[in-house]
Amino acid sequence: YISKHPKATEEQVNQYTLKQIRKLYAKSESNGEITTQISYYGYTLNPEEEALLWEDPWKAIKAIYYGLGATDETESVFGYNGHNDASDAFRHAYWNALMVKHIDYTWAYRWATAHEEGGGGEPIENEMDLWNNDKGRNIADNNPYASDSTLSDKVIDALNSGNQLKKIVSDNLVYTYNEI
């Protein structure tokens, strides 16, 4: 749509995006409300994410897209996507760095926070993810002209530093160190 309509306003892009979402992913309830069935990371959107989707569908779709990109990059760097480990810390930080670069800082904060706080995860897992999300946003904010590849490298540097990203070991949050 954007390539065919380069002068489209943000509102026009959002309206087009909503139309496509409804066509592809939404179901009408008997009361006329629309519910989404969009999923990423194998989960459907939580209520907080869904509210943000309807607020700004284009940014929401990009947040999901960059989440998938972070998952792919984690697989490339680690060979797997773990849970509560260094790969998880990397994935969250890199995802947030990508959102800051390609969307904006505020949206990255809002979407990632909605993802964690609306997802019903364990408190220590949410704390870890929110911490690493923040570090990733700061990496991108401090490197506004960095390529995606450079952002990945900077997140790896943070992962190996011993004082920036966190993982869970024996039910405790600990800093990652020399992970790669």
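In the numbering used here, the protein residues as written are 77 to 256.
Using N, Cα and C, we set each Cβ at its ideal position, and we do this for glycine too.
Owing to the predicted nature of the structure, the values given are computational and were not obtained by experimental measurement.
With respect to the C-alpha of A139, the residue from S237, E125 and D233 having the closest C-alpha is E125. Per DSSP, reduced to three states, the secondary structure at K242 is strand. For a cut-off of 8 Å, the C-beta gap from K135 to W183 is around 5 Å, short enough to register as a contact.
Residue environment: H81 is assigned as exposed (fewer than 16 neighbouring CB atoms within 10 Å of its CB, all protein chains considered).
The secondary-structure analysis by DSSP pairs Y77 with nothing; it has no beta-bridge partner.
Assigned with DSSP and collapsed to three states, L121 falls in coil, not helix or strand. For T226, the uninterrupted alpha helix (DSSP H) segment begins and ends at D224 to S237.
Residue environment: P133 is assigned as buried (16 or more neighbouring CB atoms within 10 Å of its CB, all protein chains considered).
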